[in-house]
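Peer 1:
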Amino acid sequence: MLSSLPFDDGVGNKEREEAVGCVPPEKNLSREMALVTNVCDYEELAKQKLPKMVFDFYAAGAEDQWTLRENSEAFSRILFQPRVLVDVSCINMSTSVLGYNISMPIMIAPTALHKLAHPEGSGRFIWNAGELATARAAATAETIMTLSSGSSCSIEEVNLAGPGIRFFQLSVLHYSLRFFTFPLQDLFSLTSYQRLVQIYKDRNLVQQLIQRAEKAGYKAIVLTVDAPWLGRREADVKNRFTLPQNVMLKTFEGMDQGKIDKTNGSGLAAYIASQIDRSFSWKDIKWLQTVTSLPVLVKGIITAQDTRIAIECGAAGIIMSNHGGRQLDYLPATISCLEEVVREANGRVPVFIDGGFRRGTDVFKALALGASGVFIGRPVLFSLAVDGEVGVRKVLQMLSDELELTMALSGCTSLSEITRKHVLTDSDRIRRSRGKSIKNPQFLLPVQEYKKGTSTDKIPEPWPLLLSKEEMALVTNVCEYEELAKQKLPKMVYDFYAAGAEDQWTLRENSEAFSRILFQPRVLVDVSCIDMSTSILGYNISMPIMIAPTALHKLAHPEGELATARAAAAAKTIMTLSSWSSCSIEEVNLAGPGIRFFQLSIYKDRNLVQQLIQRAEKAGYKAIVLTVDAPWLGRREADVKNRFTLPRNVMLKTFEGLDQGKIDKTNGSGLAAYVASQIDRSFSWKDIKWLQTVTSLPVLVKGIITAQDTRIAIECGVAGIIMSNHGGRQLDYLPATISCLEEVVREANGRVPVFIDSGFRRGTDVFKALALGASGVFIGRPVLFSLAVDGEAGVRNALRMLRDELEITMALSGCTSVKEITRGHVVTESDRIRLLRSKQHQRRRRRRRGQKHQKGKTSALPAIARSLKMVVLQPDPFLSELTSMYERSTEKGSVWVTMKRSSMKCQARLKKMVAKGEAVELRCLVRATDGKKNICTSLSAKEYLKFQASYATVLKAHMHALKKRERKDKKKAAEVEKIPEKAPKKQKKAPSSKKSAGSKS
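The sequence shown begins at 1 in the UniProt record's numbering and counts up one residue at a time.
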């Protein structure tokens, strides 16, 4: 208990602080800190450094912590739709918040008690800085910091930390503050330290806080509204969370508003029950606006209804928040609710958001969905715990760099260019019938340590063989080569080949997407002869499987691209040589005959680009493959951690003797620094024309995954499209290329061939791509891994296995040639969704046919129809597809109205008749009955159209006709009644007939 520990001047306090669990273990994290590549790594390091009680206070959520996890996982279900070949040489991330200019749309959310995280400053206490370090880091990054009213530094102290734009967070539920020096073992079953300062019964205290914030130059009040009761954080209850003596709520220093009495349970719980005003509501917002001239932002809204009320109450902005999953569990992720709130706000106030932001890609997604900016909380606390002010600066810088990179790879040069079309959500996929949402857990690269004595200066040559020939013969698919390569290659080299960007979601999705495409085979087909040959740009190859451009093959095997080229020629397929190859253009050409393409990246020196093209033409290369999705290099964190650079005996031989041929060592990825210094980021669609003027070779564009870019590429005159997301190595959270294939093929519409790469590991994968419209596929990593394990023989074997798998797939699907592979051979998620919807629609139609509504449910029908038993409209043979049916029950019977529309097939037939000049007359038969008589009439085409526009109008018109017919029937009935009066005349005929008979006799 803190109250039982006597306070002194700091001497001997370490033992007491250890007693309450506030002294972190002494750990040297300098090596791990050097390997930090993303904000998630800081959480792992903070977990090692902080006492368990403090870490759990920062990291844990409420109850089952479902919302805490969902806040992060929801981002993985939002994918990108980037635009390529946009001039991204200059990226502007600056924005304006409430009229204040900041460098980026990333701000610091209000979080409590920063001194628990970092003991910065002078003095004998270990926790004596906290928010001061955070404030200086925010000012350095030129962004906004929001100071929590539960801070461990006062309003004035933070203001003295230096210039900067700051908001002050004010909670709204309490009315008077009391300080406590008692164990808080039950505190977090009821409260949050971020919420310890609220509006109390003595509202003068709240007014004083606001006045102090205004005097200190704070620019806005952030009002927290989602904590009328405090979430149950079970980790804090288990840890018996308490504050050390030297940490307090400095905002209320010197104030004594009462005491918290001890009870058998939680003293704070009794205090809250007696002091907290839980009746604070929207009407009290007006009072708050009378005591301050600062704009008030409302934090804690996630619904459209509350958004509307907040705007009506005069809020200057909305901060969407679910309290980081620390209040009510099983709330949806804030990013999932963002569009609903933005739609309701409709531009009247800015909408900001927090909750789960750990990547620059997450920030981009929020901006694309309509947010004006984002706030981050826990990443600031964890980085502060690990490295103080420097750590917070690094976190803000990393998020800024990731956002900048995401904007560049998505084709956006400013925040205003980020639109809704740049992302694809679950709702979009459902609307497009693209199937169910994909939930994949985020992947965090563990912090790796360097082993002493390891060096990548020189790769051993030749490579040692790990497997005998007998063991090599047991390799049965290309995936097994990857496992063997992992054992054989140095970690730096393997990670360079195998790893993806950031969380590596796209890397995994590239392979997993194939598992959601199923086969529909044909049987009893003669498959004794299978022909897999095809033609690419007029060149015949043995199979629709080609080798994609991949860099630096000599890192995998001493022969490098020469071995790969010979294997491709032996398989009678195409190899694409990367401009970053470790063998020159001419050396690969001398490896032997074969069909080869040359992959080109656009350098700042256009003369160099022209020389490369001329060398490729002279060496007999057949096409130029232009990579368009890498104006910036993706953030490959494995390369950053491994400090990727080239060994001494490997270089970019295409640029031998030039500065472009070297990759210098850096503190991060040497390749990233190389791309930043050499690649032309201003290259755009208009420069394609220039490229076509310097070469006669056909140009294929590699890196397109959207219909919009496909259309532009075809308009620019490209010879083909290679769909690619760079194997998940550029922008993370792109959809798998196979998921976008049909969209691109549909847009191309046969004008140019569409090829595809990324994620192909089986012949079945190749078949699926061909069935969805691809003209061929390219493979990359399988070639590298097989080359690393067994050189040229390995690449030959990999190509042979893929060929054999494709051949057997074609045979079992009933296809004897590539041309026979059709869309009908596969079933995608969209097909299953459409089938399900069709069945549901049919069930609804059957229910409507047999359903009888109660009286009064179709009161729109005319009253004149009530006297009839039934009215039925029957269309002519051209009309079909019942769409709706209504029934009106009456005392005398019922009225049925059936509306039918012409099908697409019938419409096409009608158009042909009209085009030929044939007369077309559509008539519908109307049949009415009152139970005794049937009355028939017909509707002309013109009247039928009127019927489609208004049931009641047409019914009234024809009911009038029916009544007219009824009047005729009545006249006939009257005539029938007169028949008995004429009966005697008929009887007179009998005697006359007898007379005639008698006379005859």
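Idealized CB from N, CA, C, for every residue including glycine.
Kindly give me the distance between the Cβ atoms of residue 225 and residue 286, rounded to whole angstroms, as I take these residues to be in contact under 8 angstroms.
Peer 2: Actually they do not touch by this definition, with Cβ atoms about 14 angstroms apart.
Peer 1: Where DSSP assigns a beta bridge to residue 539, which residues make up the other side?
Peer 2: 536
Peer 1: Going straight from the alpha carbon of residue 341 to that of residue 59, what length do you get?
Peer 2: 27 angstroms
Peer 1: Suppose you measure from the CA of residue 714 to the CA of residue 538; what does that come to, to the nearest Å?
Peer 2: 18 angstroms
Peer 1: Excluding the five sequence neighbours on either side, which residues of its own chain have a C-beta within less than 7 angstroms of the C-beta of residue 321, listed in chain order?
Peer 2: Cβ neighbours of residue 321 beyond the five flanking positions: 226, 299, 300, 334, 354 and 355.
Peer 1: What are the boundary residues of the beta strand (DSSP E) that residue 577 is part of?
Peer 2: 575-577
Peer 1: Exposed or buried, which one is residue 967 when buried takes at least 16 other CB atoms within 10 Å?
Peer 2: Exposed, because fewer than 16 other Cβ atoms sit within 10 Å of the Cβ of residue 967.
Peer 1: Taking the alpha carbon of residue 241 as the reference point, which residue from 92, 625, 116 and 709 has its own alpha carbon closest?
Peer 2: 116
Peer 1: Which of the three DSSP states is assigned to residue 80 in this structure?
Peer 2: Strand, per DSSP.
Peer 1: For the alpha helix (DSSP H) containing residue 599, list its first residue and its last residue.
Peer 2: Careful: residue 599 lies outside any alpha helix (DSSP H), inside the beta strand (DSSP E) at 596-600.
Peer 1: With a cut-off of 8 angstroms on the beta carbons, I'd call residue 736 and residue 513 a contact; round off their distance for me.
Peer 2: 4 angstroms
Peer 1: Could you check whether residue 798 and residue 786 sit closer than 8 angstroms to each other, using their CB atoms as the reference points?
Peer 2: yes
Peer 1: Which residue's Cα is closest to the Cα of residue 130: 140, 114, 144 and 137?
Peer 2: 114
Peer 1: Determine the DSSP secondary structure at residue 115, reduced to helix, strand or coil.
Peer 2: helix
Peer 1: Could you give the DSSP three-state label for residue 800: helix, strand or coil?
Peer 2: Here residue 800 carries a helix assignment [DSSP, helix/strand/coil].
Peer 1: Pairing CB atoms from the stretch 376-394 with CB atoms from the stretch 515-530, are three or more of them under 8 angstroms?
Peer 2: no
Peer 1: Threshold first: 4 residues or longer. Then list the alpha helix (DSSP H) segments lying entirely within the stretch 751-779, N to C.
Peer 2: 763-771
Peer 1: Measuring only the C-alpha atoms, how far is residue 78 from residue 706?
Peer 2: 16 angstroms
Peer 1: Helix, strand or coil, according to DSSP, for residue 638 in the structure here?
Peer 2: Correct three-state label for residue 638: helix.
Peer 1: Short of 7 angstroms in beta carbon distance, which residues of its chain neighbour residue 56, apart from the five on each side in sequence? Order them along the chain.
Peer 2: 235, 236 and 239
Peer 1: Look at residue 150 and residue 243 and say whether their C-beta atoms are less than 8 angstroms apart.
Peer 2: no
Peer 1: What is the residue span of the alpha helix (DSSP H) that residue 569 lies within?
Peer 2: 561-570
Peer 1: How many Å lie between residue 312 and residue 741 at the Cα?
Peer 2: 47 angstroms
Peer 1: Counting C-beta neighbours from all protein chains within 10 Å, is the total for residue 717 16 or more, i.e. buried, or is it exposed?
Peer 2: exposed
Peer 1: Could you pull the start and end residues of the beta strand (DSSP E) that residue 701 belongs to?
Peer 2: That run of the beta strand (DSSP E) goes 699-704.
Peer 1: Could you check which residue in 378, 400 and 325 has the C-alpha nearest to that of residue 360?
Peer 2: 400
Peer 1: Relative to the ligand NAP, is the shortest distance from any of its heavy atoms to the C-beta of residue 963 smaller than 7 angstroms?
Peer 2: For the structure depicted, the ligand NAP is absent and the ligand set is empty, with no information on it obtainable.
Peer 1: For residue 289, which of helix, strand or coil comes out of DSSP?
Peer 2: Helix.
Peer 1: Where do the ends of the beta strand (DSSP E) carrying residue 101 lie?
Peer 2: 100-102
Peer 1: Note the first and the last residue of the continuous alpha helix (DSSP H) segment covering residue 613.
Peer 2: Element bounds for residue 613: 606-618.
Peer 1: Within this structure, are the beta carbons of residue 88 and residue 703 separated by less than 8 angstroms?
Peer 2: no
Peer 1: Take residue 476 as the anchor and find which of 601, 963, 794 and 835 has the nearest alpha-carbon.
Peer 2: 794
Peer 1: What residues in its chain sit with their C-beta under 8 angstroms from that of residue 393, if we drop five residues either side in the sequence?
Peer 2: 137, 140 and 141
Peer 1: So, at 6 angstroms on beta carbons, what are the nonlocal neighbours of residue 810 in its own chain, with the 5 sequence-adjacent residues on each side left out?
Peer 2: 530
Peer 1: Please classify residue 592: is it buried, with 16 or more other beta-carbons within 10 angstroms of its beta-carbon, or exposed?
Peer 2: When all chains shown are included, residue 592 counts as exposed.
Peer 1: Excluding the 5 residues flanking residue 481 on each side, which residues of the same chain have their C-beta closer than 7 angstroms to its C-beta?
Peer 2: 475, 782, 785, 786, 789, 794 and 798
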